[in-house]
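Student: Got a structure here, written out as structure tokens. Questions coming.
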Amino acid sequence: MPIRYDADLARFEAACTVEDALPLAEWLEATAAPRVDLSACMDLHTALLQLLLAARPTMTAGPEDAFLARWVGPALGVPPSPGGKPA
Numbered sequence: 001m002p003i004r005y006d007a008d009l010a011r012f013e014a015a016c017t018v019e020d021a022l023p024l025a026e027w028l029e030a031t032a033a034p035r036v037d038l039s040a041c042m043d044l045h046t047a048l049l050q051l052l053l054a055a056r057p058t059m060t061a062g063p064e065d066a067f068l069a070r071w072v073g074p075a076l077g078v079p080p081s082p083g084g085k086p087a
């Protein structure tokens, strides 16, 4: 499964598709203080991005994928890394 849920932390791994949207929405709604780790995410469907933008969970780690780090990380409030690139 591309998203692993561990209590209040969701870990996005590999390619996260539209099929993951409903479980993510339900988890975000049911979790008091959700946290998200995008470090292993290689592809993020826009439905998932919209859910993350709406819910604004705490981001514990930004994406390592260059495209996602450049375009998705800043939109989700992932702070830039010391080298100037988003974390």
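Residue 66 in the numbering used here is what sits at position 66 of the sequence shown, and the numbering runs on without skipping anything.
Backbone N, C-alpha and C define an ideal beta-carbon position, used for all residues, glycine too.
Since this is a predicted model, take the numbers as computed values, not measurements.
With 16 other CB atoms within 10 Å as the buried threshold, where does Ala66 fall?
Tutor: Translated into positions along the sequence shown, residue 66 becomes position 66. It is exposed - the Cβ of Ala66 has fewer than 16 other Cβ atoms within 10 Å.
Student: Would you identify the three-state DSSP class for Glu13, choosing helix, strand or coil?
Tutor: Looking up residue 13 in the sequence shown gives position 13. Three-state result, Glu13: strand.
Student: How far does the beta strand (DSSP E) with Ala32 in it extend, from its first residue to its last?
Tutor: The residue given as residue 32 occupies position 32 in the sequence shown. It is not in any beta strand (DSSP E) - Ala32 carries neither H nor E in the DSSP assignment.
Student: Which of helix, strand or coil does DSSP assign to Gly83?
Tutor: Locating residue 83 in the sequence shown gives position 83, where the first residue counts as 1. For Gly83, the pLDDT reaches just 48, beneath the cut-off of 50, and the residue's location in the model is therefore unreliable, leaving the point undetermined.
Student: Helix, strand or coil for Arg56 per DSSP?
Tutor: For the purposes of this step, residue 56 is identified with residue 56 of the sequence shown, where counting begins at 1. Correct three-state label for Arg56: coil.
Student: Return helix, strand or coil for Asp20, following the three-state DSSP convention.
Tutor: As a working note, residue 20 is residue 20 in the sequence shown. DSSP places Asp20 in helix when its eight states are reduced to three.
Student: According to DSSP, is Leu68 part of a helix, a strand, or is it coil?
Tutor: As a first step, residue 68 must be located in the sequence shown, where it is residue number 68. Correct three-state label for Leu68: helix.
Student: Which residues does DSSP pair with Asp8 in a beta bridge?
Tutor: To locate residue 8, count along the sequence shown from 1; it is residue 8. Its beta-bridge partners do not exist; DSSP assigns none.
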